[in-house]
Amino acid sequence: MSTETNTNKLKAKDFITVGIFTAILFVVEFACGMLGYIHPFIVASYVVMIPLVGAIPMMLFYTKVQKFGMITIMSVLIAIIMFVTGMGFLGAPLIVAAGVIADFIAKSGKYKSFRKTMISYGVFSLWICANYFPVVITAESYRQDLVDGGYSAEYCNNLFLAINYKTIGVLLILCFVFGCIGAVIGKAVVKKHFEKAGIV
Amino acid sequence: MKLDPRTKLYMILIVSAVVLMSATSPFLWGVRILMTLIPVILLIIEKRYTSAFGFTFLYLVALVLTFAFLSEDSNSFFKTFLTGYSGIVVQFLPCLITAWYVVRTTKIGEFMSSMQKMHVPDGITIALAVVMRFFPTIKEEYSSISDAMKMRGISFGGGNAAKMIEYRMIPLLFSCVNIGDELSAAAITRGLGGKVKRTSVEELRLRWADWLLITAFTSAAVIFVVFKYFL
Amino acid sequence: MSENIIDISHVSFKYKGSEEGLLNDTSLTVAKGETLLLTGASGSGKTTLIRLINGLIPHYYQGVLEGEVTVSGRDIGKAELYELAGVVGTVFQNPRSQFFSVDTDGEIVFGNENIGLDPKIILKRKEAIVSQMHIEKLLGRTLFELSGGEKQSIACASVSALLPEIILLDEPSSNLDQGAIAKLHDQIALWNMQGKTIVISEHRLWYLKDLVDRVIYMDSGKIAHEWKGAEFAAFDSRKIAELKLRPLTVSDVLSPACGSNCGLKDSCDKIGAMPDEADGIVLKDFFFSYHRKPYLFWKKSFNENDPDLSLCIQRLVLPKGAVIGVTGRNGTGKSTFLKCVCGLEKDCKGIIEDAGRTYKGKERLKLSYMVMQDVNHQLFTDSVESEVLLSMNEEDKGRCNEILDKLGILEFKDKHPMALSGGQKQRVAIASAMAADAKLMLFDEPTSGLDFLHMEKVAELLKSLARTGKTVLVATHDPELIELCCEYILCIENGKLGYIRKV
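Spelled out as structure tokens, the structure:
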């Protein structure tokens with residue numbers, strides 16, 4: 075009797091796996107986020123750092139995903155944690171949408187194809203831009219206030235140079251691109267360590 | 217004082233919404249500052265004096281900087297830096313204080329139970345509980361790993377950023393995967409993931425304090441919107 | 010005791026991906042109310058048997074299973090795991106990884122909430138368990154701040170609260186000190202009295218010998234011997250040694266942990282064994298506290314008059330080239346002592362003097378090297394060789410091979426350290442310590458959870474390190490290990506030097 079089980083329903087073990095990797099991903103985000111305290115400008119570089127560094131745990135996570143729903147749940151968790159830790163709720167739709175699409179893409183490759191995994195992670199990485207939503211929106215009205223208050227428009231534009239309505243598109247693209255690059259690096263690390271050690 | 221987690225979530229919701237609308241008059245600033253004071257007072261009630269004091273101090277400094285010292289003709293890099301910085305702090309600190317209060321004073325059991333009451337699927341609730349349980353675990357593991365790195369003098373990876381990340385991340389991931397495996401086994405043998413509906417010993421009830429806070433936050437939000445957009 | 014509650018019949022099992030079967034045609038029955046001990050070397054199939062009974066095999070650990078397992082009338086192959094939660098309870102080896110909640114209260118009721126009991130009943134059960142086990146003072150605490158023993162108590166409580174008929178314990182004492190083991194002993198006795206069926210897989214035997222009704226000795230996936238409890242308890246040390254088991258009795262070297270009044274009375278020869286400063290490594294002014302008062306502008310260094318010191322050792326001379334066992338109860342400062350000695354706690358300003366040189370602050374890190382309890386934390390690279398090379402100032406492959414050869418791990422040179430067994434990983438860590446030329450080698454609980462054979466190997470290794478002139482400090486709860494290899498015992502009590510004496 076072989077005990078191989080092939081149900082498509084998620085089990086407690088899968089939920090726990092999702093929880094663990096979400097926690098790790100968030101620690102990565104916090105660690106990068108710390109740098110953001112230095113100045114808001116640095117926040118713009120999240121789109122490079124988080125997809126790259128986060129790719130290592132995420133590529134390990136992808137080796138453990140075999141059923142639809144795990145990536146989606148991860149995105150929901152991220153949305154909830156972002157909300158609870160005071161980073162607002164505006165980004166939630168983007169995060170969850172990125173998660174669901176990433177899940178579908180990975181599923182289309184049966185969670186095996188690396189090309190699909192790479193694109194899937196690229197899409198998933200878009201969640202990072204959700205960090206900017208509240209800033210973009212408030213920055214815009216804050217800028218307006220400053221302008222109304224007699225500051226020159228040039229000065230105010232400088233202040234929010236990196237993050238505004240116009241740049242958010244660029245940031246999204248950067249997230250995707252660095253997500254894909256990260257996936258390649260992350261995959262290499264998984265091969266170098268986890269496959270060699272025989273745990274995946 | 218025990219608040220229902222749902223009240224706490226509602227507080228975060230309102231505060232996150234209000235910080236998205238910039239305050240344009242002294243009155244609106246007043247409303248916003250009063251709202252910020254509520255979580256500070258709650259922190260004091262919970263005897264978390266250090267964080268209450270720290271937040272208040274930071275908020276005051278940022279407020280004073282934004283209003284009193286910065287003007288356009290101070291166009292040096294430093295001043296631009298400060299304006300941007302204190303602006304963001306003033307804007308988002310209320311959110312962070314509330315979140316801090318909620319995260320610090322909510323037990324996982326309570327939180328899970330309230331998620332269930334709000335009909336969040338079990339899978340998400342379980343995964344979320346694991347996330348919260350895992351933050352301290354990661355901290356513990358990481359501190360051992362960083363001790364080990366210090367001992368071998370590789371904390372800075374020989375100046376190589378990629379190595380720095382690799383040396384931290386790899387043992388951490390190995391540990392977390394192991395712990396996760398054992399955790400799953402232990403949880404499953406105690407019935408996690410069954411078809412029966414989970415129950416909870418955490419009794420959730422909205423008490424007078426909950427209603428008071430809900431009313432306070434709702435009215436603050438309404439006042440803010442009315443005065444900003446309609447008057 | 011006629012009714013069989015566990016019936017394992019002709020079971021073979023092979024983990025997925027492994028070539029060899031871990032269990033070969035094994036049959037075992039356990040009567041209701043019986044207390045059974047499973048023992049034998051690591052990898053002999055003890056844990057696999059436990060996993061068969063609690064259903065983790067085949068439902069969690071996948072592989073090829075033949076034969077049938079019936080537990081309390083249920084066919085394990087067909088039952089769902091969550092149905093078994095109220096029937097079989099399991100206490101696992103690692104206290105750190107087996108709790109799901111963050112707070113103790115939540116953990117005790119966790120299982121009952123999962124099986125959907127009425128909250129009122131759950132609370133009643135919790136109350137009963139808490140008063141039975143006398144763990145009132147653990148309630149309302151964060152699990153992360155508890156000691157290993159306290160965590161294990163909570164794990165026992167959480168399992169008890171489900172009121173299972175069968176309780177399984179998988180090497181439950183691995184990470185516990187003597188006091189905590191005594192509590193565990195009482196817990197098992199209580200379960201026994203309540204008529205529970207108990208199956209324990211364990212290497213440490215001395216605390217169990219008065220509890221068990223039957224002993225099963227496993228050897229490479231088969232039941233090799235079976236004895237009545239009383240018969241087993243009467244075995245002499247030669248028989249036990251033949252079986253490669255850990256001893257049934259441990260001498261009083263350690264128990265009670267430090268001799269109750271040593272270090273307080275003058276009668277105790279506290280410094281008699283301390284060698285002259287010239288022949289030893291001198292530690293001076295090791296003061297450290299975890300409860301530092303908040304400071305604003307500058308840090309005051311600790312001194313012996315500070316209240317709440319977690320470590321307070323003014324002067325200590327360690328004999329060079331010896332294996333020194335560091336003992337003391339959990340939480341009395343053994344780990345703190347080790348961390349301070351190797352310079353990991355930078356607020357501890359202790360000075361080490363060796364051969365006329367003085368080591369301060371960060372220099373201490375170069376002098377010493379600690380092999381941690383969880384050795385996984387200190388393996389960073391992707392091969393054993395690069396792991397050792399990483400520790401050298403200048404890469405020297407010849408020397409690396411030499412060291413690996415000496416430790417008997419040269420054949421694994423190109424393997425990933427994480428692919429090795431626990432004992433081999435430990436050797437890799439020792440190899441990098443040797444490569445770093447550490448004079449002072451510290452070991453934190455190197456034998457927790459090891460069987461006798463592996464413990465002997467560790468003991469040999471420690472002795473051979475000492476022979477090459479290294480000074481070896483080994484913090485341990487295993488009296489067996491101290492008997493095997495330590496020349497000196499250093500006892501730490503409440504962060505103070507209890508005594509140091511020759512064995």
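For the protein sequence lines, the chains are A, B and C, in the order given.
Counting in the working numbering, the first sequence runs from 75 upward without gaps.
Counting in the working numbering, the second sequence runs from 217 upward without gaps.
Counting in the working numbering, the third sequence runs from 10 upward without gaps.
All C-beta atoms, glycine included, are put in the ideal place defined by N, C-alpha and C.
Everything numeric in this text was worked out from a predicted model, so none of it was measured.
Item	Value
Restricting to Cα atoms, I'd like to know which of C/Ala233, C/Leu499, C/Asp245 is closest to C/Trp215.	C/Asp245
I'd like to know whether the C-beta of B/Gly339 is nearer than 8 Å to at least one C-beta of chain A.	yes
Spatial neighbours of B/Ser391 within its chain, please: CB distance less than 6 Å, with the 5 preceding and 5 following residues excluded, ordered by chain position.	Glu357
Give the secondary structure of C/Pro316 by DSSP, where H, G and I count as helix, E and B as strand, and everything else as coil.	coil
Looking at C-alpha atoms only, which residue of C/Gly158, C/Glu211, C/Phe297 is the closest neighbour of C/Ala191?	C/Gly158
Under 8 Å Cβ to Cβ from B/Ala345, same chain only, skipping five residues before and after it: list those, please.	Ile324, Phe327, Met328
Indicate whether the contact test is met: 3 or more Cβ pairs, each with one atom in the segment 402-419 of chain B and one in the segment 257-268 of chain A, closer than 8 Å.	no
When you compare the CB of C/Tyr24 with every CB in chain A, is at least one pair closer than 8 Å?	no
Indicate whether at least one CB of chain A lies closer than 8 Å to the CB of C/Pro265.	Residue placement at C/Pro265 is flagged as unreliable, the pLDDT there being 42, under the threshold of 50; a coordinate-derived value is accordingly withheld.
Buried or exposed, going by whether 16 or more other CB atoms sit within 10 Å of the CB of B/Phe372?	exposed
Take C/Val380 as the anchor and find which of C/Arg436, C/Glu372, C/Met401, C/Gly352 has the nearest alpha-carbon.	C/Arg436
DSSP state of C/Asn33, grouped into three classes?	strand
Alpha helix (DSSP H) containing A/Met148: first to last residue?	144-158
When burial is assigned at 16 or more other CB atoms within 10 Å of the CB, is C/Glu313 buried or exposed?	exposed
Answer yes or no: does any C-beta atom of chain A fall closer than 8 Å to that of C/His425?	yes
Under a three-way DSSP split, which group does C/Cys267 fall into?	With a pLDDT of 48 at C/Cys267, under the threshold of 50, the modelled position of that residue is not reliable, and no figure is offered here.
Using a beta-carbon distance below 8 Å, is B/Ile354 in contact with chain A?	yes
Rounded to the nearest angstrom, what separates C/Ile498 and C/Ala468 at their Cα positions?	15 Å
Within the chosen definition, does the segment 307-321 of chain B reach the segment 107-120 of chain C through at least 3 CB pairs nearer than 8 Å?	no
In chain C, which residues lie less than 7 Å from B/Asp426 when you measure between Cβ atoms?	Going along chain C, no residue has its Cβ under 7 Å from B/Asp426, so there is no contact; the nearest lies around 20 Å.
Check distances from the C-beta atoms of the segment 357-371 of chain B to those of chain C and list, in chain order, the residues that come in under 8 Å.	Glu357, Ser360, Ile361, Asp363, Ala364, Met365, Lys366, Met367, Arg368, Gly369, Ile370
Please name the residue or residues paired with C/Cys500 in a DSSP beta bridge.	C/Thr336, C/Tyr508
Identify, in the order they occur along the chain, each residue of the same chain with its Cβ nearer than 8 Å to the Cβ of C/Ser269, setting aside the five sequence neighbours on each side.	In this prediction, C/Ser269 has a pLDDT of 42, which is less than 50 and means its spatial position is unreliable; what the coordinates show is noted afterwards. Counting only Cβ-Cβ distances below 8 Å, and skipping sequence neighbours, we find nothing.
Along the beta strand (DSSP E) that carries A/Thr241, what are the first and last residues, could you check?	No beta strand (DSSP E) contains A/Thr241, which is instead part of the alpha helix (DSSP H) from 239-263.
Would you list, in sequence order, the uninterrupted beta strand (DSSP E) runs of no fewer than 3 residues that lie entirely inside the segment 375-415 of chain C?	377-380
Are C/Leu462 and C/Lys253 closer than 8 Å when you measure CB to CB?	yes
I need the boundaries of the beta strand (DSSP E) containing C/Ile17, first residue and last residue.	13-24
Assign B/Leu422 to one of two classes, buried (16 or more other C-beta atoms within 10 Å of its C-beta) or exposed (fewer than that).	exposed
Beta-carbon within less than 7 Å of C/Lys24's beta-carbon, same chain only, minus the 5 sequence neighbours each way: which residues are those?	The question names Lys, yet the displayed sequence has Tyr at residue 24 of chain C. The answer, listed in chain order, is Leu31, Tyr70, Gly72.
State yes or no: is the C-beta of A/Ile169 within less than 8 Å of the C-beta of A/Val197?	no
State the DSSP-derived secondary structure class of C/Asp294, mapped to helix, strand or coil.	strand
Just the chain C side, please: which residues come within less than 9 Å of B/Lys323 by C-beta, in chain order?	Ser110, Val111, Asp112, Asp114, Gly115
Can the beta-carbon of C/Val97 be found less than 8 Å from the beta-carbon of C/Pro173?	yes
Of all the CB atoms in chain B, is at least one closer than 8 Å to the CB of C/Ser18?	no
Does any C-beta atom of chain A lie closer than 8 Å to the C-beta of C/Ala428?	yes
For chain B, is any of its Cβ atoms less than 8 Å away from the one on A/Gly93?	yes
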